[in-house]
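Below: the structure, in structure tokens.
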Amino acid sequence: MEKGFFQKVYDVASQIPYGRVTSYGAIASYIGSHGSARMVGWAMNSSKNLPQNLPAHRVVNRNGLLTGKQHFGGNDVMAQLLISEGLKVEDSKVLYFEKVFWDPAIEL
DNA sequence: TTGCTGACCGACG
DNA sequence: CCGTCGGCCAGCA
2 MEKGFFQKVY DVASQIPYGR VTSYGAIASY IGSHGSARMV GWAMNSSKNL
52 PQNLPAHRVV NRNGLLTGKQ HFGGNDVMAQ LLISEGLKVE DSKVLYFEKV
102 FWDPAIEL
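If you use this note's numbering, the first sequence corresponds to residues 2 to 109, in order.
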């Protein structure tokens, strides 16, 4: 039974530590599907059908921009969640992104 | 079954 | 600098 694409995404995303963030591309690359970053985001969209254990708010784009914030049911919900974890968010963007960046290829 | 779309990224002109 | 296009995989009408 090989894990499907989504399955791998969930597996990695669910392991993102508190107060850390990663990028769609990093996850895609780690699971061996470099270029399918869009699918990572799509997997997050489908996360609604999964347990809340999936910290989708800790996944941002390459620029540290909260591109998927609108899918959290609000415009600032995602930002507030990150701020609540001790991160600095300004203008829908994670400050010190490189410092809080969690790369599965390195950390995992 | 076919075809379109999507929370991205990198390349090209 | 900015607009456009291709690639990747899965869900839905």
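The beta-carbon is built from N, C-alpha and C at its ideal position, and this holds for glycine as well.
- Ranked by how close their Cα comes to the Cα of Thr-68, the residues Val-10, Ala-38 and Pro-52 have Ala-38 in first place.
- Across the set Leu-96, Ala-14 and Val-61, the C-alpha of Ala-14 shows the shortest separation from the C-alpha of Leu-51.
- Distance from Phe-7 to Ala-44 at the Cβ level is roughly 5 Å; contact confirmed, criterion being Cβ atoms closer than 8 Å.
- Exposure of Ala-106 is indicated by the presence of fewer than 16 other C-beta atoms within 10 angstroms of its C-beta.
- The three-state reading of DSSP puts Leu-51 in coil, since its state is none of H, G, I, E or B.
- For Phe-102 and Thr-23, the gap between their C-alpha atoms comes out near 5 Å.
- Residues of the same chain with a CB within less than 7 Å of the CB of Gly-42, apart from the 5 flanking positions on each side, are Tyr-25 and Gly-69 in chain order.
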